[in-house]
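One structure is given here, and the rest of the page talks about it.
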Amino acid sequence: MGAARRVPVLRGVLAALALVGSGLVQSADYSGPLFDAHLHYNDEACVHAPAPSAACPHPLPDVLQRMRESGVRGVLANSRPNDGTRALAAAREQAAAAGVTVVPFVRLYRNRADYNNWFRDPSIVELVRSELERGTAAGPYRGLGEFHLYDSANARGPVAQQLMALAEEKDLVVLAHVDEAAIDLLMQATPSRGQRLQLIWAHTGIGGTSPAEVEALLQRYPGLMGELSYRPGLTCEGGQLCPAWRDLMLRHPDRFLAGSDTWVNARWQSYGRLMQDYRVWLGGLPPDVARRIAWGNAARLFNLPDPAALPSAPR
Ligand SMILES: [Zn+2]
Numbered sequence: 192m193g194a195a196r197r198v199p200v201l202r203g204v205l206a207a208l209a210l211v212g213s214g215l216v217q218s219a220d221y222s223g224p225l226f227d228a229h230l231h232y233n234d235e236a237c238v239h240a241p242a243p244s245a246a247c248p249h250p251l252p253d254v255l256q257r258m259r260e261s262g263v264r265g266v267l268a269n270s271r272p273n274d275g276t277r278a279l280a281a282a283r284e285q286a287a288a289a290g291v292t293v294v295p296f297v298r299l300y301r302n303r304a305d306y307n308n309w310f311r312d313p314s315i316v317e318l319v320r321s322e323l324e325r326g327t328a329a330g331p332y333r334g335l336g337e338f339h340l341y342d343s344a345n346a347r348g349p350v351a352q353q354l355m356a357l358a359e360e361k362d363l364v365v366l367a368h369v370d371e372a373a374i375d376l377l378m379q380a381t382p383s384r385g386q387r388l389q390l391i392w393a394h395t396g397i398g399g400t401s402p403a404e405v406e407a408l409l410q411r412y413p414g415l416m417g418e419l420s421y422r423p424g425l426t427c428e429g430g431q432l433c434p435a436w437r438d439l440m441l442r443h444p445d446r447f448l449a450g451s452d453t454w455v456n457a458r459w460q461s462y463g464r465l466m467q468d469y470r471v472w473l474g475g476l477p478p479d480v481a482r483r484i485a486w487g488n489a490a491r492l493f494n495l496p497d498p499a500a501l502p503s504a505p506r
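The numbers in the sequence shown follow our numbering, run straight up by one, and end at 506.
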């Protein structure tokens, strides 16, 4: 190739570099499998309705279709009451057809009143024990939660302390919607003082815990992972990660998970968009980091099958 021809090529390269430098180059969205690490299938979604209706918007075929269309290949299911999770786990053929693996968790809530009361109600420990014994059609329960602690001091109560010790003893993963102080208290409640417990921190500090404080906790507790729904300050321009969060994920790629938090039906209605929002910022990360946060970290935690090896592989 002569020198005259090389000049336009060089100009093209320089122009592309300038675009990268200015941040104007759009990265492609992440297109691999997703694991939804924070899914509720609560009673108002109408778990057992035969077909969707205004009163019963999200029976089983509806939610499985939403997962399939979003490329969600596995879910951490926890529901109020636990019937929703058992129903998802029992729908083995339908879930397999949608390409979805169900990882069941025992929720501590029978009803709304339990949200504010579970930590002072010893019958919740019995509920958990009997539910664990019962198991699900998709196999044993793999964890406890989601539970809330609006006042972190309640992590010191006997119910929370017993459940944390039980989780560590039985290798159950915990899903907790709490503040940073309660992470310390819950971790310290285990026999290993938090060195063995696997705890998924729902929302990773919904009150705005700083990335530096999140990192300090990740360093203190090797089994702590952050789930990112509703996390304030996570994304910036163009739906990409804000710089501090991007840096944190690059330093700790094995410690984060994506979740929907379908706590009300409106979240089911926007399920596709929620998952697409994840795909946008995951696409801005190096591909191996994106794959770990989207799927690999959950696959390691729950020993999930490789989605490419499952019969239905929409993504
Ligand atoms: Zn939730």
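Think of the CB as a built atom: it goes at the ideal place given N, C-alpha and C, for glycine as much as any other residue.
Since the model is a prediction, treat every value here as computed from it, not as a measurement.
Note on geometry: alpha-carbon atoms of N307 and V369 lie some 13 Å from one another. Taking non-hydrogen atoms of ligand 1 into account, the C-beta of E337 is found less than 7 Å away from one of them.
Taking the Cα of G398 as reference, the smallest distance to any Cα among H339, G430 and G348 is reached at H339. Note that the C-beta distance between L230 and L267 is below 8 Å.
Cβ neighbours of R283 within its own chain (closer than 8 Å, five residues either side excluded): A328 and A329. In terms of Cβ geometry, G385 and Y221 do not form a close pair [threshold 8 Å]. Around the beta carbon of H239, fewer than 16 other beta carbons lie within 10 angstroms, which makes this residue exposed. Following the DSSP letters along the chain, one finds T292 in no alpha helix (DSSP H) but inside the beta strand (DSSP E) bounded by residues T292 to V297. Note on A289: 16 or more other CB atoms within 10 angstroms of its CB, so buried under the neighbour-count rule. For F493, the uninterrupted alpha helix (DSSP H) run begins and ends at N488 to F493, by DSSP. For A367, the uninterrupted beta strand (DSSP E) segment begins and ends at V364 to H368. At the C-beta level, A228 and L390 stay beyond 8 Å of one another. The continuous stretches of beta strand (DSSP E) do not include D253, which lies in the alpha helix (DSSP H) extending over residues L251 to E260. R470 sits in a helix when the DSSP states are folded into three classes.
Beyond the five residues adjoining it in sequence on each side, L251 comes within less than 6 Å, by CB distance, of A282 in the same chain, given in chain order. If you draw a straight line from the Cα of A344 to the Cα of W309, it comes to about 14 Å. Counting other Cβ atoms within 10 Å of its Cβ, P402 reaches 16 or more and is therefore classed as buried.
With fewer than 16 other beta carbons inside 10 angstroms of its own, D479 counts as exposed. Inside the segment 286-367, DSSP marks whole beta strand (DSSP E) runs of 3 or more residues at positions 292-297 and 334-339, from first to last along the chain. For I391, the secondary structure class from DSSP, reduced to helix, strand or coil, is strand. Per DSSP, the unbroken beta strand (DSSP E) holding D227 starts and ends at L225 to L230. Closest in alpha carbon position to Y341, among Y412, A373, M378 and H443, is A373. Secondary structure at V263: strand, using DSSP grouped into helix, strand and coil. For A393, the shortest separation between its Cβ and any heavy atom of ligand 1 lies below 7 Å. Setting aside the 5 residues that flank it on each side, Y469 is surrounded in the same chain by A449, each with a C-beta closer than 6 Å to its C-beta; the list follows chain order. Fewer than three Cβ pairs drawn from the segment 423-438 and the segment 449-460 lie within less than 8 Å of each other, which leaves the two stretches out of contact. For L425, the secondary structure class from DSSP, reduced to helix, strand or coil, is coil. Not a single heavy atom of ligand 1 lies less than 7 Å from the C-beta of H249. M416 has I391 as its beta-bridge partners, per DSSP. In this structure, L366 sits away from G417, with a CB-CB distance that is not shorter than 8 Å.
Under the 10 Å beta carbon count, S270 is surrounded by 16 or more other beta carbons and is classified as buried.
In the three-state reduction of the DSSP assignment, A380 falls in the coil class, being assigned neither a helical nor a strand state.
Contiguous beta strand (DSSP E) elements confined to the segment 426-454 do not occur, taking only those with 3 or more residues.
Going by beta carbons, S261 and Y421 fall outside the 8 Å limit.
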